[in-house]
Structure formats: structure tokens, C-alpha cells
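If you're matching them up, the sequences are chains A and B in order. If you read the first sequence in this note's numbering, its first letter stands for residue 1, the second for the next number, and so on. If you read the second sequence in this note's numbering, its first letter stands for residue 1001, the second for the next number, and so on.
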Amino acid sequence: MPAVQGGFTSAFVEGIPLVEVRGDLDLTNVREFERVLERAARTDRHGVIVSLAGTAYFDSKGVHALLRFAERLATTRQRLMVVAPRGESARRILEIAGVVELMPIYESVQEALGSVHHQFPDG
Amino acid sequence: MTTRADSGRDAPTGLRARDPDDAGRPGAPQPKAPGRPPAGPHGIEGQALQEAEAARDVAEAARDVAEAAQVRLTLVARAGALIAEARHPVEALRRLVRSAVPALADITVAYRLGERGTLRPVAGAYADPAHRRLARALQTSIPLDALPGVHPVAEAIRTARPVVLPSVGEAVLRAVALDEAHLAALRAFGLTSGVVLPLLGRERVLGALVFAAAGSGRRYGEADLPPFEILARQCTAAVEQAALFAREHRIAATMQRASLPRDLPIVPGVELSASYRPATREAEVGGDWYDAFRLPDGRLALSLGDVAGRGLRAAVAMGQVRPALRAAALEGASPAAVLDRVSRLLQLDGQEEMASAIFGIFDPVTLAFTYATAGHPPPLLGRPDGRVEVLPHGGPPLGIWCAEGYADTTVTLAPGALLVLYTDGLVEATRNLTEGLRRLMGVVGDQARAPGGQAAAAIQHALLRHEEARDDVAVVVLRVQPIVPDGLRLTLPARPSAVRIARQAVSRLAAEAGLDRRQTLGVQVAVSEAVSNIIEHAYGPAGGPIHLHAFLAEGRLTVEVRDVGRWRTPREEGRGRGLALMRALADRVTIERGETGTTVRVDIALRCAGARPAAP
Chain A
1 MPAVQGGFTS AFVEGIPLVE VRGDLDLTNV REFERVLERA ARTDRHGVIV SLAGTAYFDS
61 KGVHALLRFA ERLATTRQRL MVVAPRGESA RRILEIAGVV ELMPIYESVQ EALGSVHHQF
121 PDG
Chain B
1001 MTTRADSGRD APTGLRARDP DDAGRPGAPQ PKAPGRPPAG PHGIEGQALQ EAEAARDVAE
1061 AARDVAEAAQ VRLTLVARAG ALIAEARHPV EALRRLVRSA VPALADITVA YRLGERGTLR
1121 PVAGAYADPA HRRLARALQT SIPLDALPGV HPVAEAIRTA RPVVLPSVGE AVLRAVALDE
1181 AHLAALRAFG LTSGVVLPLL GRERVLGALV FAAAGSGRRY GEADLPPFEI LARQCTAAVE
1241 QAALFAREHR IAATMQRASL PRDLPIVPGV ELSASYRPAT REAEVGGDWY DAFRLPDGRL
1301 ALSLGDVAGR GLRAAVAMGQ VRPALRAAAL EGASPAAVLD RVSRLLQLDG QEEMASAIFG
1361 IFDPVTLAFT YATAGHPPPL LGRPDGRVEV LPHGGPPLGI WCAEGYADTT VTLAPGALLV
1421 LYTDGLVEAT RNLTEGLRRL MGVVGDQARA PGGQAAAAIQ HALLRHEEAR DDVAVVVLRV
1481 QPIVPDGLRL TLPARPSAVR IARQAVSRLA AEAGLDRRQT LGVQVAVSEA VSNIIEHAYG
1541 PAGGPIHLHA FLAEGRLTVE VRDVGRWRTP REEGRGRGLA LMRALADRVT IERGETGTTV
1601 RVDIALRCAG ARPAAP
């Protein structure tokens, strides 16, 4: 269904900030994406989940944004968790770019949340 | 043909044609004025009222003056009707002075008093052509304060009363002249008598009318004032009315212009054209609009419609409807839902605005057009073979509540197809709507068969070139470019939006070529990366063009992306990873750097060309 609008939604799931990327992420909106990520990072000390499950298009602009964001979170000891289901184009781009070796990639938001609770059992 | 021009020119000429020597001399026997009715249509609201008042004024005055003067009053009444039709203050004054000479005076000059007290002659009529030449040399603006106090124009304005000069001699000229040169010029007119009347507006003095004798030997006295006073009153009303008209039209036209998009969006594989023609009668600018914009997902939104009513009110309403449609569309609603929201918006607070509209969204990749209509004529679909289909339409006008509501219709446009949206002015200009629609279908068929650039303008021209534009007309035409062996060529400005346009272009080609998902992703990424790189690195802040050429040949889809900038050392971070993605996803990537720019060429082999379904 092509009615998906390009854009970002920010929410909290079980206390963890979640940024979802809908539609296309490219040069056109990567700056906005980075601003949304930065706002999310300031709301929680544990980390941020970024979901690419609803992303229609993703390229090196998104890859760089995620890598820069991971570095920025590392300085404040926060974690970046990326949701990118196998078989989707965003996952394929992350694989080709070698990002999968640099940060944890999850199949779903639930899986990402599970890893948070595993790491921070006391919430 | 507009009847306005007739009423503006013919009647005064007819008056002027009479012999200047005896016509209109007070007391002199006069030829019976031809019994022509006031020319021209009564297009102005309230004009009938003005005419009635004029007639009443005339009747009252007629009782008080001699038999001979009645002829002049007929003339005055006719002049009143004539000036009442003016759509601009200066036009009203021009009509007045023309109708007064030579019947009532040898020279008539109308002055306007500006808001800063500047007196400016804006219209003059002269029985003697030599006087016209003299006057032209004198026509300058003068601050009212600079005029001598005894100047009859200054006096008439200051006292708000008429000034009668039964005889004008050297003493009067000396008192009035600004300097020696002016005095000499005044003498040359050979003025003998005159009347000056102030134009008393509702809030201030608008100016003055000077009627003078110079050559005919007529002599004005207090008893001659009534017809001039009537003329001055009519003139004031006409000037004020025309000022309102001119103001309203100016605002309405400005709003209308500001409301139409300056540029149409660039959509790959699509020729988009639009045409708007305002109604000819100046004050009747309507509320037609058209709009075309890209949604964030790259699809193209089109809106076109007609707000009920005319003039400023319609323009204001239109100024609300168009952005409301945009806002609703940006929220991702379907066309029917978009119309529904805007209709409910118009119903808020008991607003009585009503509009007909069509709103649709075109997907440049799948070529699907989904639309809904609201009390609007049906869109037309022209096929390359010349057949024309009337597409479904229905739904109540916007602003009207109706249980029926709006419905989405989707049509898929084949390559070469022509989609035509229009307002009813296009089909109602002729006798009836059915006949108008039939003619439109013929023209659309012709356009579909013979592709040309500006289809919207061509269609409007073909239908309306011989018609007076009584109503606004807006036309938007979307033509899907046929698939050509040469592929798709596109030149885009190096701005971020170019990334999505370029990606869309190759996506359509990929779909037509039957590439699978993986191949489609490859070509999308390759083109996006190449275009992004040009935007970020090829040009300075001034920008420059991006040339895209995508074509299918020799079992490959090839995309060439070219810039004409000077190659600069790119930031390694950006370039490296983008290029790696391109290489991994395409079968071959070559980069040629030359003196005149850089060309990136991407090849994707069509492995099972045509056998696989198009990318979802």
C-alpha cells in the first residue's frame, strides 16, 4: 500500500524511547531523522530503539545517521537497538554496509525490548 | 465581444459629433438629442438604483429650468448612466468630460484631489484641438496649498460649493496664474466664462470639475448650475463606486494569483500542464483554483475547483479551500476522506461557502489515479487512439451536508493517456453543458492523438478562443508519457527533492521492465546515491543541473546520472559507503570524470525480463 507517508514517529514502549521510520529515508529527510534521534536520546538513560520495519527505502544516508548516533550514544553509555526484519530492503542495506557487525539488529521491537530487560533486569 | 467597450466609446463620440458653435449654449435652441437608450449592460449591482436616482434628480431639476435646458438634462441623464458603468475612477471622469464637451462647455477638466492634498488633472475634453495641445503642456500636479486662494478650483474645494465665473477677464487670469509662463498659457485658451464644481465624496472632497467657455461665447450664470450639479453628484457616486470596484477587483485578483501555484511539480514520465483564464469582466474574478503538489511519499496530488460566487468573497473562500485540501492530503487521507474533511470545515460556524472540486492522487510508478469529486463535472480520460472516456463523478458540493458522502474511484492510466480536469467554465461557455462536454471530448481526443507540450492551454484555447470569458476557467492536464525506445530523460535542479524524483523515475522504468524486488532496490539505491552525491559535492551553493537518462537496451537497464560541476574531493565517509552499496547492488558501476563534469553509469542485467512480476 503506497499510502504510507514518509515520516518519523516517536513513542515509548515499556519506558524505552522508540523511533519508527515510515516511508523513505534518504538525503531529503535525514537531517530531520537525526534531530528526532537526538530528542529520543535525551529522554532515557538506557538507550533508544530505532525501527526500520516500516521503512520503504533506506540507503547510505540512513546508514551514516545510525552510525553517528551509535557513537553519540556510546559517549553517554546508552545503547542503540535497531529493528530491521530479515528480507526487508533496510536489512539488506545494513548487511551490505557491514553495519550488522557494529550494532545489534533485531527482528522486532519485542525482541529488542527483551534484550533491554535481559541487560537491565531491574529496569 | 464586450459591450463595455461599446458603451465607453460610441456614446460620447455621438455627443461630440454635434456642431460645437450652437449646441449646448444655455438658452440657445438645441437640436433634439437622439433618443438613444443608455448603452451597455447593467453589470453593476446598484446601478439600477443610481439610474433611478439620476432620473429623479433630472425630473426635479427639469421643473426649475427653462424649456431649452431640458435637452441638456437629457444629455446629463445619459452621461450619468454612462459614467455609472465605469469600473475605474479615472474612467468615470474621462467619460464625464467627454460627454460634457461640446454640449455643455468648450473645455471640461476633471481634477482629482489626492490624499496628500495634491490636485491633479486626470481627464480633459476640448472642443478645439489647439486647446488640447495647450492643456497637455500644462498638465502637472499642483499641491492645493500652492494655489492662490482666489483660484476658483481651490475655492470650490475649500468651500465645498460651486464657483460661477460669468466672465473671465485678465484680472481673473492674473489672480489665478502661478507665474508668468502659466499666465501666458492661460491667456492662450481665450477663456471667457466658467463654472467649477467640487466633487463631494462621502468622507472627503474627491476633486473638482471645471467647465469653461472658450470660443463659443457662452456665458454661465447661477441659473445654469442645476445640470452641472447633477453631473457632479453622479460623477462623485460613480467615482466612489468605481474606486470600490477597482479595489475589490485588485484584491480579488491578487488573492487569486497568489493562490495558484507558481510552478508545477516535476514528475518523471508525466507531462503536467495547467491553464487558468479569469473572467473578462474585471470585477467578476471568480473563485476557480487549481493545485498540484507532491506528497511526502512522492505521489502527486491534484486539486481543482470552483468556489461559488464572484469577486473578493469567492477569492477569500478559495484562499481557504485550497490550503485545507493540502493539509488534509498531507495527513495521508484518501481523496474521498480529504473532500469530506474540507466539506465539514466549510460547514463550521454556519459558513455559507460552497465549492465544487475534484481531488486526486496520482502514483507515477503504478500510474494509478485515485480521485473523488464534489459537485464537479466529470474528469475525462483520453486514450492515444483518440477515444475519450467520461470518468465516474458524483458527491455533493463541498460545504453541503449530504448522507451520500464522497467515494474514491481509481483508474489506471496507460502510457500515452491524457487525464483532463477542468472547471465548468470550460464547458458552459457555449449553449449548454451537454453540448459543451461533447465539444470538449472532441478536443481531448485530438490532443490525445497528437501529443504536444501545453495540453491544458491548447484545450482551453480550442474551446474558448471565440467565446467571451463570462466565468473563470481552470484546466489541469496530466499526460503519461508513452514508453519510448530512448528511455527516460530528466533534468533536475541539484536540490534534495531531486533524489526522490530521480528514484521515482527509475522505479517506473523498473516496474515496466519487470525487474524483481532485489533488482529494483539496486537501481533505486544506485540512482539515489549518485544523485545525493551530486547534490552534496558537485556544485557550490549556486547549484546546477542533474541530468538523468534511464533506458532499456541489450538486456540491461542502464541509468546515467551526469553533473556539469567541477569535481571536488568528496568527503570520504559519504562517498565510500554509498559507492560500496551501489557496487554491491548493481551489476556494474562506472564513473567517468571529465573536464565538463562527472557521469555515473549503472547497469542492471534483466535476468528474466518480462517474466517476473513488477516490484510491489
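Quick reminder that beta carbons are idealized off the backbone N, C-alpha and C, glycines included. Remember, it's a predicted structure, so these values are computed and weren't measured experimentally.
Run of the alpha helix (DSSP H) containing residue i, from where it starts to where it stops
i: B/Gly1207; result: Taken as a continuous stretch (DSSP letters only), B/Gly1207 belongs to no alpha helix (DSSP H), being part of the beta strand (DSSP E) at Val1205 to Ala1213.
i: B/Ala1337; result: Pro1335 to Gln1347
i: B/Leu1186; result: Glu1180 to Phe1189
i: B/Ser1273; result: Not the alpha helix (DSSP H): B/Ser1273 falls in the beta strand (DSSP E), residues Val1270 to Arg1277.
i: B/Leu975; result: Because chain B spans 1001 through 1616 in this model, residue 975 of chain B falls outside it and cannot be assessed.
i: A/Ala41; result: Val30 to Ala41
i: B/Arg1174; result: Glu1170 to Val1176
i: A/Arg79; result: A/Arg79 -> not in any alpha helix (DSSP H); beta strand (DSSP E) instead, spanning Arg79 to Val83.
i: B/Arg1098; result: Pro1089 to Ala1100
i: B/Arg1503; result: Ser1497 to Ala1513
CA nearest to the CA of residue i, picked from the options
i: B/Leu1381; options: B/Val1561, B/Tyr1539 and B/Val1477; result: B/Val1477
i: B/Arg1294; options: B/Ala1327, B/Ala1315 and B/Gly1287; result: B/Ala1327
i: A/Arg92; options: A/Leu67, A/Val63, A/Ala41 and A/Glu38; result: A/Val63
i: B/His1537; options: B/Ser1528, B/Glu1560, B/Ala1511 and B/Gly1565; result: B/Gly1565
i: B/Phe1369; options: B/His1461, B/Ile1358, B/Gln1454 and B/Arg1136; result: B/Ile1358
i: B/Gly1555; options: B/Gly1594, B/Asp1603 and B/Val1531; result: B/Asp1603
i: B/Arg1593; options: B/Ile1400, B/Ser1273, B/Arg1120 and B/Ile1534; result: B/Ile1534
i: B/Arg1426; options: B/Ile1142, B/Val1443 and B/Asp1516; result: According to the sequence provided, residue 1426 of chain B is Leu. The question's Arg does not apply to it. Minimum Cα distance to B/Leu1426 is reached at B/Val1443.
i: B/Thr1636; options: B/Ala1214, B/Glu1170, B/Val1506 and B/Leu1183; result: Given that chain B is displayed from residue 1001 to residue 1616, the structure contains no residue 1636 of chain B and the question cannot be resolved.
i: B/Met1354; options: B/Gly1305, B/Val1388, B/Leu1178 and B/Pro1392; result: B/Gly1305
i: B/Val1205; options: B/Ala1237, B/Leu1178 and B/Arg1133; result: B/Ala1237
i: A/Glu20; options: A/Arg35, A/His46 and A/Gly7; result: A/Gly7
i: B/Asp1340; options: B/Pro1296, B/Gln1320, B/Pro1379 and B/Cys1402; result: B/Cys1402
i: B/Leu1345; options: B/Val1316, B/Gly1399 and B/Leu1104; result: B/Gly1399
i: A/Glu34; options: A/Ala65, A/Glu95 and A/Val50; result: A/Ala65
i: B/Pro1415; options: B/Val1480, B/Glu1091, B/Arg1438 and B/His1131; result: B/Val1480
i: B/Tyr1406; options: B/Val1390, B/Ala1448, B/Gly1360 and B/Arg1449; result: B/Gly1360
i: B/Leu1147; options: B/Arg1136, B/Leu1096 and B/Leu1113; result: B/Leu1113
Identity of the residues DSSP links to residue i by a beta bridge
i: B/Arg1136; result: Partner(s): none; B/Arg1136 has no beta bridge.
i: B/Arg1479; result: B/Glu1271 and B/Leu1418
i: B/Trp1401; result: DSSP lists no partner for B/Trp1401.
i: B/Glu1592; result: B/Thr1599
i: B/Val1195; result: B/Val1164 and B/Phe1211
i: A/Thr75; result: Beta-bridge pairing links A/Thr75 to no other residue.
i: B/Asp1291; result: B/Ser1303
i: B/Pro1384; result: DSSP output for B/Pro1384 lists no bridge partner at all.
i: B/Thr1370; result: B/Ile1361 and B/Thr1410
i: A/Ser10; result: A/Val19
i: B/Thr1491; result: B/His1547
Residue i, DSSP secondary structure in three states
i: B/Leu1391; result: coil
i: B/Leu1413; result: coil
i: B/Pro1029; result: Because B/Pro1029 sits at a pLDDT of 40, beneath the cut-off of 50, its placement in the model cannot be relied upon, and the following sentence gives the value as read from the coordinates. In this structure, B/Pro1029 counts as coil in the three-state DSSP scheme.
i: B/Asp1563; result: strand
i: B/Ser1216; result: coil
i: B/Val1443; result: helix
i: A/Ile96; result: helix
i: A/Gly68; result: According to the sequence shown, residue 68 of chain A is Arg rather than Gly. Helix at A/Arg68.
i: B/Ala1586; result: coil
i: A/Ser51; result: strand
i: B/Val1621; result: Because chain B spans 1001 through 1616 in this model, residue 1621 of chain B falls outside it and cannot be assessed.
i: B/Thr1423; result: coil
i: A/Ser108; result: coil
i: B/His1131; result: helix
Check: residue i C-beta below 6 Å from any heavy atom of the ligand ATP
i: B/Leu1488; result: The model on display carries no ligand, and the ligand ATP is accordingly not part of it.
First through last residue of the beta strand (DSSP E) which encompasses residue i
i: B/Thr1159; result: B/Thr1159 -> not in any beta strand (DSSP E); alpha helix (DSSP H) instead, spanning Pro1152 to Thr1159.
i: A/Pro17; result: Ile16 to Leu25
i: B/Val1122; result: Thr1118 to Tyr1126
| request: May I ask you to list, following chain order, the residues of the stretch 80-102 of chain A that have a beta carbon less than 9 Å from some beta carbon of chain B? | output: Answer set for the stretch 80-102 of chain A: Ser89, Arg92, Ile93, Ile96, Ala97 and Gly98.
| Relative to chain A, which residues along the stretch 1514-1527 of chain B have a C-beta separation below 7 Å, given in chain order? | Identification of residues in the stretch 1514-1527 of chain B having a C-beta nearer than 7 Å to some C-beta of chain A yields Leu1521, Gln1524 and Val1525, given in sequence order.
| said: At a CB distance below 8 Å, what residues from the stretch 1290-1319 of chain B approach chain A? Give them in sequence order. | reply: Answer set for the stretch 1290-1319 of chain B: Leu1295, Pro1296, Asp1297, Gly1298 and Arg1299.
| field | Contact list for the stretch 46-65 of chain A against chain B, Cβ threshold 9 Å | value | Ala56, Tyr57, Phe58, Asp59, Ser60, Lys61, Val63 and His64: these are the residues of the stretch 46-65 of chain A whose beta carbon lies less than 9 Å from some beta carbon of chain B, given in chain order.
| Which residues, in chain order, does the stretch 1527-1538 of chain B contribute to contact with chain A at a C-beta distance below 9 Å? | Shown in chain order are the members of the stretch 1527-1538 of chain B whose Cβ falls below 9 Å from a Cβ of chain A: Ser1528, Glu1529, Val1531, Ser1532, Ile1535 and Glu1536.
| Selection of the stretch 1259-1280 of chain B by Cβ proximity to chain A, strictly under 7 Å | Within the stretch 1259-1280 of chain B, no residue has its Cβ closer than 7 Å to any Cβ of chain A.
| message | To be precise: take each residue of the stretch 1580-1605 of chain B, compare its Cβ to all Cβ atoms of chain A, and keep it if any distance is under 8 Å. Which residues remain? | response | Under the 8 Å Cβ criterion, the stretch 1580-1605 of chain B contributes Ala1580, Leu1581, Ala1584 and Leu1585.
| query | In the stretch 1343-1377 of chain B, which residues sit with their C-beta less than 7 Å from some C-beta in chain A, listed in chain order? | reply | Correct list: Asp1363.
| Going along the chain, which residues of the stretch 1494-1509 of chain B sit with their C-beta nearer than 8 Å to a C-beta in chain A? | Within the stretch 1494-1509 of chain B, the residues whose Cβ lies closer than 8 Å to some Cβ of chain A are Pro1496, Ser1497, Val1499, Arg1500 and Arg1503, listed in chain order.
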